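Take any residue in the sequence shown, count from 1 to its spot, add 114: that is its number in the numbering used here.
Think of the CB as a built atom: it goes at the ideal place given N, C-alpha and C, for glycine as much as any other residue.
In this text, all values refer to a predicted model and were calculated from it rather than measured experimentally.
Worksheet: the structure to be examined is printed underneath.
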Amino acid sequence: MKLYTYEPAPNGQRLKLFMDYKGIEIDTTQIDLGTGEQLGEDYKAINPYCTIPALVLDDGTLFTEVIGIATYLEELHPQRPLLGTGAVEKAQVISWDHRIFMMMTSAIADILRNAKENWKDRALPGPIDVAQLPELVERGRARLAAFYPIVDAHLAESTYVAGTSISFADIDLFATCSFARWVKQGIPEECSHLQAWFDKLAAELG
Ligand SMILES: N[C@@H](CCC(=O)N[C@@H](CS)C(=O)NCC(=O)O)C(=O)O
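If you want it as structure tokens, here you go:
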């Protein structure tokens with residue numbers, strides 16, 4: 115199998131943290147988002163969605179979503195499980211992971227991609243150019259500000275985001291809190307539980 119990614123990007127980071135934690139190594143090619151390599155014909159022939167990461171299996175099967183790639187790899191490498199064990203925990207991990215993506219990651223992406231000149235007409239990733247909507251910057255900031263206290267209150271009661279051990283929901287929240295610094299809206303000072311959890315995760319993930 116072959117992995118195409120770009121490790122500095124948030125979705126590249128999410129997958130790298132997952133793979134590193136589990137000790138998974140895959141033949142990997144970096145696709146340089148900085149130069150627009152994801153939009154070139156060579157990469158489009160591999161992944162028509164023009165996003166990273168993309169995992170191509172030996173039989174040609176293509177996975178283009180981090181959660182799909184993680185699910186496949188967890189099945190192949192069940193050691194150090196990150197997607198939960200048992201029906202309840204698996205559902206909790208996926209529920210929190212989806213919540214983090216919808217309420218936090220997508221808000222940060224809106225702030226970034228609708229403001230900066232270098233994302234002009236690239237407000238969404240993918241093969242189609244999408245115009246920026248400046249209103250989404252303020253909306254994104256409000257969504258992000260509203261989510262921090264929710265997750266802070268949750269982590270006041272819970273050592274990890276979902277279940278009783280580290281999971282992919284922790285990795286995604288960790289990667290997303292780091293991503294939030296790109297828009298200068300990192301963990302607010304008053305969210306001490308979230309900050310303590312972040313520091314613990316940083317040590318645990320190495
Ligand atoms: N739905 C994908 C999202 C992948 C994605 O948005 N990746 C970004 C990098 S973080 C990308 O490829 N951007 C390309 C672009 O901006 O043109 C997933 O969950 O993995």
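One thing to note: Gln309 has its Cβ no nearer than 8 Å to the Cβ of Leu258.
Counting only the Cα atoms, Ile222 lies some 23 Å from Leu319.
Distance from the Cα of Lys116 is smallest, within the candidate group Lys130, Asp134, Thr142, Phe132, for Thr142. When Cβ pairs closer than 8 Å are counted between the two stretches, the segment 185-193 is seen not to touch the segment 258-267, the count staying below three.
For Val170, the enclosing beta strand (DSSP E) stretches over residues 168-170.
Considering only Arg128, Glu249, Asp235, Ala270, the residue with the shortest C-alpha distance to Pro167 is Arg128.
Every alpha helix (DSSP H) stretch that sits fully inside the segment 141-208 and reaches 4 residues is listed by chain position as 155-160, 180-190.
In the displayed model, Leu315 falls within a helix according to three-state DSSP. Counting C-beta atoms within 10 angstroms of its own C-beta, Thr278 has fewer than 16 neighbours from the protein chains shown and is therefore classed as exposed. For Thr290, the uninterrupted alpha helix (DSSP H) segment begins and ends at 282-294. The C-beta distance from Pro239 to Pro162 rounds to 13 Å, too long to meet the 8 Å contact threshold. Rounded to whole angstroms, Gln246 and Gln193 show a C-alpha spacing of 43 Å. Leaving aside the five residues that flank Asp224 on each side, the residues in its chain whose CB is nearer than 6 Å to its CB run, in chain order, Leu250, Gly254.
Judged by the Cβ position, Glu318 fails to qualify as a neighbour of ligand 1 at the 7 Å threshold, every heavy atom of the ligand being at least this far.
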